[in-house]
Amino acid sequence: MFLVWLLAVPLAGAIVTLIAPNAAAKGIAAITSILGLIGYAGLLFIDRAGVNWSWIPAWGVRFHLVGDGLSLFLLGLAAVMFAAAIFASDQGAGRSYYFWMLLLEFSVVGLFSAVDLFVFYVFWEVLLIPVFFLLTGWSGEKGKKAAMKWLVMNLVGSFFMLVGIVALAVIHHQDGGAFTFEINKLSGMVLGPAVGSWLFFAFLVAFAIKAPLWPLHGWMPDAYGESPAPVTAVISGVLSKAGIYGMLRVMIPIFMPQFREYQMPLLIVAAIGLIYGAASALRQRDMKMVTAYGSLSHMSMMALGVFSLTAVGLLGTTFYMVAHGLMIGALFLVLGMLENRTGRRSLDDMAGLNHSAPRLAAYFLFFVLGALGLPGLPGFAGEYMIIQGLVTSHVVFAVIAGFVLVVAAWYMLRVFQAVMQGPAPTTGIKDLVAGQVAWLVPLAGLVILIGVWPAGITSHAVPSLYQAMHFAAAKGGVR
Amino acid sequence: MQGLLEILVLPLIGAATITAFKGLMPKRLAGIWASFLVGVSFILSIVADVRLSHLSASHRVVTGAIWNWVTGFGPSIHFQLYLDPLAGVWLLIITGVGALIHVYSIGYMHGDDGEPRYFAYLNFFVFSMLLLVLAGNLAVLLIGWALVGLASYFLIGFWYQRPTAVAAAKKAFVMNTLGDVGILLGLALLYLHYHSVGYQHLFAIFSHATPGSAFFEWTAFLLYLGAMAKSAQFPLHMWLADAMEGPTPVSALIHAATMVTAGVYLMTRLYPLLRIAPVTHELVAAIAAFTCIFAASVAFYQQDIKKVLAYSTLSQLGYMLLAVGVGAYTAGVFHFMMHAFFKAALFLAAGSVIHALNGEQDLSKMGGLWRKMPWTMAAFLAATLAISGIPPFSGYFSKEAILGQTYNSGHYILWGIGVFTAGMTSFYMFRLFFLTFFGKPRDEKLYEHAHEAPWVMTVPVVALGVLSVVGGAIGGWLNGWLAPVFHQYAGASHAALESGPIFGTVIAVGLAVVAFGVAYWLYVVRQTAPRAGIASIPGIWMYKAWGMDSAWMAVVVNPLKQLGVGVLAVERGILAGVMGIADGVQAWASDLAPIETGYVRRYALSIMVGVVALLAYYLIRIGFIS
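Chains C and X are the protein sequences, given in the same order. When the letters of the first sequence are read in order and numbered with the numbering used here, they come out as residues 1 to 479. When the letters of the second sequence are read in order and numbered with the numbering used here, they come out as residues 1001 to 1626.
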């Protein structure tokens, strides 16, 4: 029942926050997120059972949540990242800010554990609303525009997905099966070529917008640029994984023939996104934008892992989602601290801050190294497995991915060095305070643990991937 | 585990404890603690090697699998340690020379603000390098490989307020990442075919493979790319010259004695693969010979004491990989050891000079220093004689073995290049020696204040100087020590030391002696200034390292930046398109919204949700449910 705990606690916390005084809001949110972490520990170490309740019998909708190997570590990522983001949030942000944050955590937990497409869709839609309000209420000047772009693009995507979901259920029913939205039951279907392709792209567009993947990333720059650091951290660290997770959870079991058919164009588009993000990051002058476009490039790396259609590539993506989420989220939080202290974001306006803030610089560098894929830290293990998958399917994309890693080293170090190194300015900044070290240390420790022991995650993810690929294998399969 | 884990972990403990407690401990303690731990690692390394020698020659390997690194379908890679005599040699040099350089650094870094940070980095480097050579498979090797690059990045950019140091650190890191990617792709290819990246598994397969398939060539080339970057082979060499921005003991340890020889280690380790990839094997030799003479030519006109040594390191790395390329593996390892002694001695002595001159590195400010620093001068002289290949100093034996075997294997052109470079080496090294220690002091003020370094620095320098003199004596022992490694798998039939033709030795030594004479005549007798000839056409090209930096900028860096500019233009187009849609929707939504409330966005939201719900409803009603 720890899964229910994990889902219910943020919702309950959100409601309590709403009626609590403003001053207590952060405290309540922090306690809620710690309770969430405890619930997650229970899920991980004690009981991973999910729930499977009937919800709308007429449509065969079941409230079916699981904590299997695909979900388990994304749920952990969500619990950790939301806790870190809430700790890093502004004391004076007010109760509605924390309300929306906790509601967002609730919807993400639901999304990452639902295996009924209807429930999946409900959480998918609910998730849009907190982000919309966080972007409008607590962001920079262009926050409202950013929120509008987020909403419009994602609604377009989810509209396609809704059509796809309904069509899948109906086709399954027409083929003589029960009316159901259960992914496991829908996975056995054989779709006609035309219908299959249409539905495939309906889901693909929805997931690609959420990730985002090039060229459907139009909402990303403003949303990342305008939102406060903790919100950026949860969008880039956790929400972006929803798109890739959807591909693994929903599309791989159902649409393998379509993946096979369109594999080459998909790989090409993902490779373009990979290069595009990296090349943009190389030229951006705003530290948050460099990281944002770097993240766009990393999302394409995950997509390449999926599109490799190899077991090891899928496993690499599953792992890389968690690794990337932790590191990019933490990196945005660190950038937020820098912005708070300096009031600046342009690389041209900063230099030599290492001198006055060596500890902040050390954590900054640590997460920069993680993001650029330093062997020994978790990003590398994920990238290795994805590249192994690409070597297995189409080696040329492995070469492209490899050389983008070199560019990644370049643009990530560029940010760090421009901000932290060089001649020290006359006025320094304040180094980390104890409260910040308190959550950065466990976060960094977790990153190191996953980096030196990726097997802790990969060995658990494998059985669920087997299940996903079991259906795929029946349809021409994963290598 | 035979103590392997302890050897590895001690320096890591040092790095961690110094980082954690540097605020609490006295500054001096950091250096002593770091040196102590590396010293213990050295003793444990000797113990491990002695134990290793008690194993039967047919299987002289100690392994230990510690934990699963990755499992799942496809890769199941263990975090595995592996000690054989080859790794054992590197182990001794890393911890032994490493300990000496740690001790030296106690004196050299005294009074620097970042003293504890320096020792934490240095210990971290030793840990990473040990991980690299103790790795039992290519994946763990790659982790060590990248971590030494990180340590190098830390230490090149140690004085992070200097823009040049920061730029040099980034260049080194990015160029080495290129090499890392080569190894990553190489190991992925090997995994694909053999489902393992462990040395023993792979080499057993290679021993029975037929040479020459494109797969083996590509794999070997990709792994060689890693070696090229780390060992600064042309055209991936520029970072090493810039790396001299780091403190001088770092140049001695990382950028001369140990890290840059990782490429030699990897290629020697991979000899069974080189056997079945003959084209790549030849390429290794050809690029090595070219690097050798290329770097030597650049050293001719350098004005900075450390730059000369940096290019001489490049050139000597060329010799080592030439040995690998012609299959003279023992000779390559031999030269690696000798080079570790004499080049560390040279760098540390140069560090003492720089220290004595208050940080001055320009040769035009030196001269006549032998009176002030006799011990340093003696060590520098011994090491210079060694690197120049003058018998009976250490470098003579290893270089002769390399050149002799290059000749024996029929690589006559490469042999010619090697012999000629031996003469060039002697010239530029004696130029450096004379300009530093002989002639009239060119800067009286600096000269007046110069002094011999404190004993904590002089003792390691002299120790390394003595090793540069007598080190060559271990050649016979090394031959026997490494024999089990090269007997284990096919592909190293000429690995043992061989002597070349007598006339080759006569030419090489003769050239070196003549070059010494020319340098003596130019810089002692005629007192030629360091900058003489630099304005001539060859002088400019050689001084500017043949324009390779500009070539890289023009061919690689600027096009990439241009790509970024182009992409940003496209990006603006995409964003403008999205903006147009968003504006359109917003305008449409606000038309529908009652003007008096003004909460446009709330209405927009509810309308969106409503539209989706309606569409869904009609789809269900009309489209699908019959």
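Using N, Cα and C, we set each Cβ at its ideal position, and we do this for glycine too. Quick caveat, the model's predicted, so the values are computed rather than measured.
* Is DSSP giving T1313(X) helix, strand or coil here? -> Locating residue 1313(X) in the second sequence gives position 313, where the first residue counts as 1. The three-state secondary structure of T1313(X), taken from DSSP, is helix.
* **Length at least 4, wholly inside the segment 1419-1477 of chain X: the alpha helix (DSSP H) runs in chain order** => Entirely contained in the segment 1419-1477 of chain X, the alpha helix (DSSP H) runs reaching 4 residues are, in chain order, 1444-1449 and 1455-1470.
* To do: Have a look at Y293(C) and G435(C) and give me their C-alpha separation to the nearest angstrom.
  => Counted from its first residue, the first sequence places residue 293(C) at position 293. Counted from its first residue, the first sequence places residue 435(C) at position 435. The alpha-carbon separation between Y293(C) and G435(C) amounts to approximately 30 angstroms.
* If we ignore side chains and look at the alpha-carbon of each, how far apart do A83(C) and E105(C) end up? -> As a working note, residue 83(C) is residue 83 in the first sequence. As a working note, residue 105(C) is residue 105 in the first sequence. One C-alpha to the other measures close to 10 angstroms.
* To do: Please list the residues of the segment 1233-1248 of chain X that have a C-beta atom closer than 8 angstroms to any C-beta atom in chain C, keeping them in chain order.
  => Cβ contacts with chain C come from no residue of the segment 1233-1248 of chain X.
* Check the Cβ-Cβ distances between L1192(X) and every residue of chain C, and say whether any is below 8 angstroms. => Within the second sequence, numbered from 1, the residue matching residue 1192(X) stands at position 192. Chain C contact via Cβ: present.
* To do: Would you list, in chain order, the members of the segment 366-397 of chain C that have their beta-carbon closer than 9 angstroms to a beta-carbon of chain X?
  => Closer than 9 angstroms at the C-beta level to chain X, one finds these residues of the segment 366-397 of chain C: L369, L372, G373, L374, P375, G376, F380, A381, E383, Y384, M385, I387, Q388, G389, L390, V391, T392 and V395.
* Could you confirm whether any beta carbon from chain C is found closer than 8 angstroms to the beta carbon of P1594(X)? => Walking along the second sequence from the start, residue 1594(X) turns up at place 594. Bear in mind that a pLDDT of 47 at P1594(X), under 50, signals an unreliable position, so the number given afterwards is only what the model happens to contain. Contact with chain C is absent for P1594(X), since none of that chain's Cβ atoms lies less than 8 angstroms from the residue's Cβ.
* Three-state class that DSSP yields for P442(C) in the structure shown -> One-based indexing of the first sequence puts residue 442(C) at position 442. The three-state secondary structure of P442(C), taken from DSSP, is helix.
* Please work out which residues of its chain come closer than 6 angstroms, Cβ to Cβ, to G1101(X), disregarding the five sequence neighbours upstream and downstream, and give them in chain order. => The residue given as residue 1101(X) occupies position 101 in the second sequence. It is worth fixing the name first, because residue 1101(X) is Ile in this sequence and not Gly. For I1101(X), where only same-chain residues beyond five positions count, the Cβ hits under 6 angstroms are P1249, A1252 and L1253.
* To do: Starting from W1145(X), trace the alpha helix (DSSP H) both ways and give me its first and last residue.
  => In the second sequence, the residue the question calls residue 1145(X) occupies position 145. W1145(X): member of the alpha helix (DSSP H) spanning L1138 to I1156, first to last residue.
* Taking W439(C) as the reference, which of S33(C), L3(C) and A23(C) has the closest Cα? -> Translated into the one-based positions of the first sequence, residue 439(C) becomes position 439. Cα-wise, what sits closest to W439(C) is S33(C).
* **Inter-residue spacing [alpha-carbon to alpha-carbon] between P1594(X) and I235(C)** => Position 594 of the second sequence, counting from 1, holds the residue named residue 1594(X). Position 235 of the first sequence, counting from 1, holds the residue named residue 235(C). Because P1594(X) carries a pLDDT of 47, less than 50, the predicted location of this residue cannot be relied on, and no value is offered for it.
* **Residues sharing a beta bridge with P375(C), DSSP** => Position 375 of the first sequence, counted from the first residue, corresponds to residue 375(C). Within the DSSP secondary-structure output, P375(C) pairs in a beta bridge with L377(C).
* Partner residues on chain X for R283(C), Cβ-Cβ distance less than 8 angstroms -> Within the first sequence, numbered from 1, the residue matching residue 283(C) stands at position 283. Residues of chain X passing the Cβ test: K1561, G1564, V1565, V1567 and L1568.
* State buried or exposed for T392(C), treating a residue as buried only when at least 16 other CB atoms are found within 10 Å of its CB. => Counting from one through the first sequence, the residue named residue 392(C) turns up at place 392. Per the 10 Å Cβ criterion, buried.
* Could you tell me whether the Cβ of F364(C) comes closer than 8 angstroms to any Cβ of chain X? => Working through the first sequence from its first residue, we reach residue 364(C) at position 364. No, no contact with chain X.
* To do: Report the residues of the segment 409-425 of chain C with a CB closer than 7 angstroms to any CB of chain X, ordered along the chain.
  => Hits within the stretch, in order: A409, W410, L413, Q417, Q421, G422, P423 and A424.
* Are the segment 283-301 of chain C and the segment 258-274 of chain C touching, with three or more C-beta to C-beta distances below 8 angstroms? -> Flag = yes, the segment 283-301 of chain C and the segment 258-274 of chain C touch.
* Are the CB atoms of S1045(X) and I1007(X) nearer to each other than 8 angstroms? -> As a position in the second sequence, residue 1045(X) is number 45, starting the count at 1. As a position in the second sequence, residue 1007(X) is number 7, starting the count at 1. Yes; because the gap between Cβ atoms is below 8 angstroms, this pair is in contact.
* Within the same chain, show all residues whose beta-carbon is closer than 7 angstroms to that of K144(C), passing over the 5 residues directly before and after it, in chain order. => Stepping through the first sequence from its first residue, residue 144(C) is reached at position 144. Result list for K144(C): T136, in chain order.
* **Interface partners of G1423(X) on chain C, CB under 8 angstroms** => Along the second sequence, read from residue 1 onward, the residue named residue 1423(X) stands at position 423. Residues of chain C with a Cβ closer than 8 angstroms to the Cβ of G1423(X) do not exist, since the nearest Cβ in that chain sits about 38 angstroms away.
* If I'm right that Y1271(X) touches G1491(X) with Cβ under 8 angstroms, what's the distance once you round it to whole angstroms? => Position 271 of the second sequence, counted from the start, is the residue given in the question as residue 1271(X). Position 491 of the second sequence, counted from the start, is the residue given in the question as residue 1491(X). Contact between Y1271(X) and G1491(X) holds: their C-beta atoms lie close to 5 angstroms from each other, under 8 angstroms.
* Beta-carbon neighbours of E1571(X), restricted to chain C and to distances below 7 angstroms -> As a working note, residue 1571(X) is residue 571 in the second sequence. The answer, in chain order, is S280.
* To do: Check whether the Cβ of D1112(X) lies closer than 8 angstroms to any Cβ atom in chain C.
  => Looking up residue 1112(X) in the second sequence gives position 112. Output row for D1112(X): interface = no.
* Answer yes if the segment 50-67 of chain C comes into contact with the segment 14-29 of chain C, meaning at least three C-beta pairs across the two stretches below 8 angstroms, and no otherwise. => No: fewer than three Cβ pairs fall under 8 angstroms.
* To do: Could you please give me the residues that DSSP links to F1079(X) through a beta bridge?
  => Numbered from its first residue, the second sequence carries residue 1079(X) at position 79. DSSP output for F1079(X) lists W1067(X) as bridge partner(s).
* Only counting runs of 3 or more residues, tell me where the beta strand (DSSP E) segments fall wholly within the segment 286-351 of chain C, in order along the chain. => With a minimum length of 3 residues, there is no unbroken run of beta strand (DSSP E) contained wholly in the segment 286-351 of chain C.
* Would you mind listing the alpha helix (DSSP H) stretches within the segment 1238-1309 of chain X that are 4+ residues and don't spill past its ends, in chain order? => Here the runs fully enclosed are 1238-1242, 1248-1252, 1262-1269, 1271-1276 and 1278-1299.
* **Coarse secondary structure for G1198(X), derived from DSSP in three states** => Position 198 of the second sequence, counted from the start, is the residue given in the question as residue 1198(X). Of the three classes helix, strand and coil, the one that applies to G1198(X) here is strand, per DSSP.
* Environment of D175(C) [buried if 16+ CB atoms lie within 10 Å] -> Sequence index remark: in the first sequence, residue 175(C) carries index 175 (1-based). With fewer than 16 other Cβ atoms within 10 Å, it is exposed.
* May I ask you to report which of helix, strand or coil DSSP gives R48(C)? => Residue numbering aside, residue 48(C) sits at position 48 when the first sequence is read from its first letter. Coil.
* Environment of V322(C) [buried if 16+ CB atoms lie within 10 Å] -> Along the first sequence, one-based indexing puts residue 322(C) at 322. By the neighbour-count rule (16 or more Cβ atoms within 10 Å), V322(C) is buried.
* **Integer Cβ distance of A202(C) from M161(C), believed to fall under 8 angstroms** => Within the first sequence, the letter at position 202 stands for residue 202(C). Within the first sequence, the letter at position 161 stands for residue 161(C). Contact between A202(C) and M161(C) holds, with the beta-carbon distance rounding to 6 angstroms and staying under 8 angstroms.
* Indicate whether V1353(X) and T1384(X) have their beta-carbon atoms separated by less than 8 angstroms. => The count along the second sequence starts at 1 and reaches residue 1353(X) at position 353. The count along the second sequence starts at 1 and reaches residue 1384(X) at position 384. Not in contact: V1353(X) and T1384(X) (Cβ atoms no closer than 8 angstroms).
* **For H64(C), the three-state DSSP class (helix, strand or coil)** => Here residue 64(C) corresponds to residue number 64 of the first sequence, with the count starting at 1. Strand.
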